Amino acid sequence: MKMIDEAFNIIKETSGITDIEEIMNTFIKSEEQNYSLFNYVNILTQQIDNFEESNRDLEEEIKQTEIKISEKEAKLAQTPQEDIERKEIEGLIKEKDQYIEDVRKNL
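Using the numbering used here, the letters of the sequence shown correspond one by one to residues 301 to 407.
Okay, structure coming up:
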C-alpha cells in the first residue's frame, strides 16, 4: 500500500493535480482517447489497403487496355482496310486512350 501511496504522491507532484479522483478521471479520459486514436489508425490502415488494391486493379486494367489498343493498331497497320473501318478503329483507340487517361487521373 505504501508503494501505491508513493506513486500517487509522485503523480500529484508531477501533474499538479491533488485530487485522486481527478487523477483517475484524467487517466481514464486519456485511455479512452488513446483507444479512439488506435481505432482511427486501424480504419485508416484498412482504407489505405483498399486504395492500394484498387490501384493495382486499375493498373492491371490499364495494361490490358493498352494491349488491346496495341493489337488493334497492329491489325489496322497490317491489313488493308476501307477508310470507314479504319476511322472506326481509330475512334475506338481514341476512346480507349481517353479512358486510360481518365483512369490515370483518378489514381
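We treat Cβ as the ideally placed atom computed from N, Cα and C, and that holds for glycine.
Values in this document were obtained by computation on a predicted structure and should not be read as measured data.
Next item on the list: Using only the heavy atoms of the ligand NAP, determine whether one of them is closer than 7 Å to the beta carbon of Leu358.
Entry: Of the ligands one can find in the structure shown there are none, so the ligand NAP has no counterpart to examine.
Next item on the list: Would you mind giving the Cβ-Cβ distance between Phe308 and Ile320, rounded to the nearest angstrom? I have them listed as a contact below 8 Å.
Entry: By one-based count along the sequence shown, residue 308 stands at place 8. By one-based count along the sequence shown, residue 320 stands at place 20. About 6 Å separates the Cβ atoms of Phe308 and Ile320, confirming a contact at the 8 Å cut-off.
Check: Do you know offhand how far Leu337's Cα is from Ile328's?
Finding: The sequence position of residue 337 within the sequence shown is 37, counting from 1. The sequence position of residue 328 within the sequence shown is 28, counting from 1. Straight-line Cα distance between these residues: approximately 14 Å.
Notebook entry, point to check: Using CA coordinates, which residue listed in Glu366, Leu376 and Glu385 is at the minimum distance from Arg404?
Noted result: Residue mapping note: residue 404 aligns to position 104 of the sequence shown, counting from 1. Taking only the C-alpha atoms, the option nearest Arg404 is Glu366.
Item checked: 8 Å contact criterion, which Lys372 and Ile348 should meet: CB distance rounded -> To locate residue 372, count along the sequence shown from 1; it is residue 72. To locate residue 348, count along the sequence shown from 1; it is residue 48. About 36 Å; that fails the 8 Å criterion.
Item checked: Cutoff 8 Å; reference Asn355; Cβ partners in own chain excluding five residues on either side -> Working through the sequence shown from its first residue, we reach residue 355 at position 55. Cβ within range, chain order: Leu407.
Check: Under 8 Å between the Cβ atoms of Ile369 and Lys396?
Finding: To locate residue 369, count along the sequence shown from 1; it is residue 69. To locate residue 396, count along the sequence shown from 1; it is residue 96. In this structure, Lys396 lies closer than 8 Å to Ile369 by Cβ.
Note to self: Can you tell me where the alpha helix (DSSP H) holding Gly391 begins and where it ends?
What the structure shows: Locating residue 391 in the sequence shown gives position 91, counting from the first residue. Unbroken alpha helix (DSSP H) run through Gly391: Asp383 to Asn406.
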